[in-house]
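First to last, the protein sequences are chains A and B. Residues 10 to 121, numbered by this note's numbering, are exactly what the first sequence covers, in order. Residues 593 to 706, numbered by this note's numbering, are exactly what the second sequence covers, in order.
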Amino acid sequence: AQTVTQSQPEMSVQEAETVTLSCTYDTSESDYYLFWYKQPPSRQMILVIRQEAYKQQNATENRFSVNFQKAAKSFSLKISDSQLGDAAMYFCAYLVDDKIIFGKGTRLHILP
Amino acid sequence: NAGVTQTPKFQVLKTGQSMTLQCAQDMNHEYMSWYRQDPGMGLRLIHYSVGAGITDQGEVPNGYNVSRSTTEDFPLRLLSAAPSQTSVYFCASSYGTPRTGELFFGEGSRLTVL
Numbered sequence: 010a011q012t013v014t015q016s017q018p019e020m021s022v023q024e025a026e027t028v029t030l031s032c033t034y035d036t037s038e039s040d041y042y043l044f045w046y047k048q049p050p051s052r053q054m055i056l057v058i059r060q061e062a063y064k065q066q067n068a069t070e071n072r073f074s075v076n077f078q079k080a081a082k083s084f085s086l087k088i089s090d091s092q093l094g095d096a097a098m099y100f101c102a103y104l105v106d107d108k109i110i111f112g113k114g115t116r117l118h119i120l121p
Numbered sequence: 593n594a595g596v597t598q599t600p601k602f603q604v605l606k607t608g609q610s611m612t613l614q615c616a617q618d619m620n621h622e623y624m625s626w627y628r629q630d631p632g633m634g635l636r637l638i639h640y641s642v643g644a645g646i647t648d649q650g651e652v653p654n655g656y657n658v659s660r661s662t663t664e665d666f667p668l669r670l671l672s673a674a675p676s677q678t679s680v681y682f683c684a685s686s687y688g689t690p691r692t693g694e695l696f697f698g699e700g701s702r703l704t705v706l
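Structure below.
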């Protein structure tokens, strides 16, 4: 079974600080894509960042970056200079065989 | 800009009743999918479609049927609702296969089965 595990149900970070959200996945495929999505209270799902498994370079999008460790099947999200608007549920997900599979999510609180 | 439209937004059913959740997109997206979101469970894939006339099962397909007769529409049918199907349902679409991760989500449909 293909699974995505987010071991931190909730996390808190002080505004302007850096936080890392963990994600591990299990797949036997060699070609796949990884994503982090953000779901604010509005319930709208927003793509934060994506990573192609065949690329060794870690993806970055402004204050968001990933640490992709393919051998360890690890895909963590680092948020730098945390802002109040970053408060949301964050879901790790991966695509294989036309299916995007999500983890259970990490709720991130930003402390002012 | 309609995007992905789900109807109804709220629905209450009794056990054993049937209903259809509608999903329509006006972006000419080939890929469409249905997820359910439950507290502590994240989003779980129910069914998906890579194009008109093609559907396939996701992680939790039991109790749900889908069809894809047009590119625009991807209805989700509950044939005999059960309390375990109480959830928030999301329809999502993308252009081609979702390799970019750019899934466009609807606003969700909250279903309660009594």
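Note that beta-carbon positions come from the ideal geometry of N, C-alpha and C, so glycine has one too.
Excluding the 5 residues flanking residue i on each side, which residues of the same chain have their C-beta closer than 7 Å to its C-beta?
i	result
Tyr-63 of chain A	Asp-40
Thr-33 of chain A	Thr-14, Lys-82, Ser-83
Leu-113 of chain A	Sequence inspection shows Lys at residue 113 of chain A; the Leu mentioned does not correspond to that position. Result list for Lys-113 of chain A: Gln-15, in chain order.
Gly-645 of chain B	Arg-660
Arg-72 of chain A	Ile-88, Ser-89, Asp-90
Run through DSSP, which three-state label would residue i get?
i	result
Asp-95 of chain A	helix
Ser-37 of chain A	coil
Gln-53 of chain A	coil
Gln-649 of chain B	strand
Ser-31 of chain A	coil
Ser-679 of chain B	strand
Asn-67 of chain A	coil
Asn-76 of chain A	strand
Tyr-687 of chain B	coil
Lys-82 of chain A	coil
Glu-694 of chain B	coil
Counting only beta-carbon atoms, is residue i nearer than 8 Å to chain B?
i	result
Leu-56 of chain A	yes
Val-52 of chain A	With the sequence shown as reference, residue 52 of chain A is identified as Arg, and Val is not the correct amino acid for it. Arg-52 of chain A counts as touching chain B.
Tyr-42 of chain A	yes
Phe-100 of chain A	yes
On the DSSP bridge list, what partners appear for residue i?
i	result
Asn-657 of chain B	B:Arg-669
Thr-599 of chain B	B:Gln-614
Leu-703 of chain B	B:Gln-603, B:Ser-679
Asp-630 of chain B	B:Gly-634
Met-20 of chain A	A:Leu-117
His-621 of chain B	For His-621 of chain B, which the question treats as bridged, DSSP gives no partner whatsoever.
Gly-643 of chain B	B:Ile-646
Does chain A have any CB closer than 8 Å to the CB of residue i?
i	result
Gly-650 of chain B	yes
Val-604 of chain B	no
Met-633 of chain B	yes
Thr-678 of chain B	no
Arg-691 of chain B	yes
By Cβ distance below 8 Å, which residues in the same chain neighbour residue i in space, the five residues on each side in sequence not counted?
i	result
Thr-692 of chain B	Ser-686
Gly-698 of chain B	Gly-595, Val-596, Thr-597, Gln-598, Cys-615, Phe-682, Cys-683, Ala-684
Can you round the beta-carbon distance between residue i and residue j to whole angstroms, since I take them to be within the 8 Å contact cut?
i	j	result
Gln-48 of chain A	Ala-96 of chain A	Contact doesn't hold; Cβ gap of about 11 Å is too wide.
Ser-701 of chain B	Gln-617 of chain B	15 Å between Cβ atoms; not a contact.
Tyr-24 of chain A	Ile-109 of chain A	For the record, residue 24 of chain A in the displayed sequence is Glu; it is not Tyr. Contact doesn't hold; Cβ gap of about 31 Å is too wide.
For residue i, I'd like the list of residues in its chain whose CB is within less than 6 Å of its CB, leaving aside the five on either flank, ordered along the chain.
i	result
Ser-672 of chain B	Gly-608
Gln-60 of chain A	Leu-43, Ala-68, Val-75, Phe-77
Can a CB atom of chain E be found closer than 8 Å to the CB of residue i?
i	result
Phe-697 of chain B	The structure shown contains no chain E; its protein chains are A and B.
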